[in-house]
Amino acid sequence: MPSDNCIYSINLHFPPKAEVLAFLDHQGRRPQRQALAVVNFGNEEDPNITEYVVGPLPKPTYHQDITVEKYGGKLPYYRRFLSGRDRDIINTLFMREEYPKAPNFMRQVFDYNENDFFLLPGLPPGFKSGDRNVWMTHFQNVSGSYSHPVGLELEVDISSLDTSQWKVLNVFYNGQYFEDMEDLERQFNEGRVRVAKVKKAPHDGGFSSLKPRVPPEWPGPLQYEPRGPRYCVRDNQVTFMSWSFAFGMEVNRGPRLFDVRFEGERIAYELSVQDAASLYGSNSPATMDAIYMDLGFALGRDAVTLTRGVDCPYLATYLDRHYMHESALPITRQNSICIFEQNAAIPIRRHYDQSDPKFYGGLVDSVLVFRAISTMVNYDYVWDFVFHQNGAVGVKIHATGYFFSSFFFDDAADFGNRVQEFTLGTMHTHNIHYKADLDVGVRKNGTACQESS
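Under the numbering used here, the first residue of the sequence shown carries the number 1, and numbering increases by one thereafter.
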């Protein structure tokens, strides 16, 4: 509950880079292994968010509050992320208290029963620091629900730590605003509500179903390793040809690599995902100003189990990850990282000389891929770190899954494309943020990188 004291997350805490390099490069003392615990203090006179360094692991004997040092002051409690528990409470509030206030509207427009809706929040929760007002948009609760909006959105005030004080501030339906659900019911009974009755989709989602549209044919080409893998994974260390690196998964930010070396020389101290942001535009309140910062949904925790032969090759090495995030016990994501070598299907260099005598020279580009996939509600982000044999290393992001839609009404076509009768494929932009701390030649050339699509 918001009024509770609870551990929000536990991560590995990294020591300063100088200490790590002293150990790795100059036989210095091994830094202590420590954890970073984020604690939500809701049951305090001054509710706040506090971060502690806890150590040494695995049997800690101390904890140190680093919040002020890290952020320049205490973190107010309203800055906490919207939790899964918060969304459950909102859903219960709507079902028990709000929907019953508009019985004719809910029955005649939606043929409503308790399992009809899937709710998603429009974030951030307000326009200024301290706001905790969230627009919740309603979708049909079917497969691919993100493509089945019904046109109803409710704004709820969740600022109080007493959830019984949470209340609906505004109601929106098909281009019209209402004071509350009673106002919507009253105007509906008076015939002043513009109704757009959406046909109920089948349980598999119909057009949004993941079922194949055509019968499967014989298998496509597969890759194989004639003499077994040419890479080695030991604990969290990987070696491949001239490459070596350490890997991990940060519960909020996702996959990260450290101490990346080529032919024994460190070229990057850290390569890591930092965030994936989605910025939306629409004519409905939940999405017209929506900016989703996906680290708030936990990119690492939601790095899902990978499917052999689809998400990664059959012969890839699959690894489990373990997290503490919004849970009393550790969460295990089995087979949530894969590592494999792949023929790049293009020569790294080649030349055919037509002089006399003719000759040809070519070199195949075979790469090592480190992959994880984060499913952030509707989107699936495929994170690839790719290592080429010529010393090049790259990061790639593949975005798939479902688009986040809005209800199609009035001037909706100015904000995207109509993909179904009542579904707007909203205009939006993805910004993918990486950290690249490069150690090529010198030690002070780290930078942050960003990709947009």
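By construction, the Cβ of each residue, glycine as well, lies at the ideal position given by its N, Cα and C atoms.
| Own chain residues within Cβ distance below 7 angstroms of GLY283, not counting five before or after | One detail in the question is off: residue 283 reads as Asn in this sequence, not Gly. Excluding positions up to five away in sequence, the list reads ASP410, ASP411, ALA412, PHE415.
| query | Where do the N-terminal and C-terminal ends of the alpha helix (DSSP H) with HIS388 fall, by residue? | reply | Where HIS388 is concerned, there is no enclosing alpha helix (DSSP H), given that its DSSP letter is neither H nor E.
| In this structure, does DSSP put PRO103 in helix, strand or coil? | helix
| task | Return the first residue and the last residue of the alpha helix (DSSP H) that THR92 is part of. | result | For THR92, the enclosing alpha helix (DSSP H) starts and ends at 84 to 93.
| With distances taken from CA atoms, which of MET95, ALA303, MET293, GLY130 is nearest PHE117? | MET95
| task | With a threshold of 16 other CB atoms inside 10 Å of the CB of THR307, please say whether the residue is buried or exposed. | result | exposed
| Where PRO56 and ARG33 are concerned, what is the direct C-alpha to C-alpha distance, given to the nearest angstrom? | 6 angstroms
| message | Buried or exposed, going by whether 16 or more other CB atoms sit within 10 Å of the CB of HIS148? | response | Within 10 angstroms of the beta-carbon of HIS148 lie 16 or more other beta-carbons, which makes it buried.
| message | Checking the sheet assignment: what are the DSSP bridge partners for GLY151? | response | Looking at the DSSP output, GLY151 bridges to nothing.
| said: Considering Cα atoms alone, identify which of GLY254, SER242, ILE373 is closest to VAL393. | reply: SER242
| In chain order, what residues of the same chain have a beta carbon less than 6 angstroms from the beta carbon of GLY126, not counting five sequence neighbours either side? | ASN133
| said: Just list the residues that DSSP pairs LYS396 with in beta bridges. | reply: ASP384
| query | Does the region 226 to 239 come close enough to the region 165 to 172 to have 3 or more Cβ pairs within less than 8 angstroms? | reply | Not touching, per the Cβ criterion.
| In the structure shown, what three-state DSSP assignment does ASP302 receive? | coil
| query | Buried or exposed: which applies to VAL195, given that a residue is buried once 16 or more other Cβ atoms fall within 10 Å of its Cβ? | reply | exposed
| 7 angstroms CB neighbourhood of ARG80 in its chain, flanking five on each side removed | Take ARG80, set aside five residues on each side of it, and the residues of its chain with a beta-carbon closer than 7 angstroms to its own are ASN40, ILE49, in chain order.
| query | Going by beta carbon distance, what residues of the same chain come within less than 6 angstroms of TYR77, once the five residues before and after it are set aside? | reply | PRO47, ASN48
| query | Taking the runs of the alpha helix (DSSP H) that are 4 residues or longer, which of them lie wholly in the region 9 to 64? | reply | The qualifying runs are 17 to 26.
| What do you get for GLN223, buried or exposed, if any count of 16 or more other CB atoms within 10 angstroms of its CB means buried? | exposed
| Span of the alpha helix (DSSP H) around ASN189 | That run of the alpha helix (DSSP H) goes 181 to 189.
| query | In whole angstroms, what separates the C-alpha of LEU154 from that of ALA303? | reply | 30 angstroms
| request: Could you name the residues of the same chain whose beta carbon sits closer than 6 angstroms to that of ASP25, not counting the 5 residues immediately before and after it, in chain order? | output: none
| field | Reference SER129; option with closest CA among PHE240, PRO212, GLU45, LEU75 | value | Of the listed residues, the one whose Cα sits closest to SER129 is LEU75.
| field | Extent of the continuous beta strand (DSSP E) to which LYS70 belongs | value | Run containing LYS70: none in the beta strand (DSSP E); it sits in the alpha helix (DSSP H), 67 to 71.
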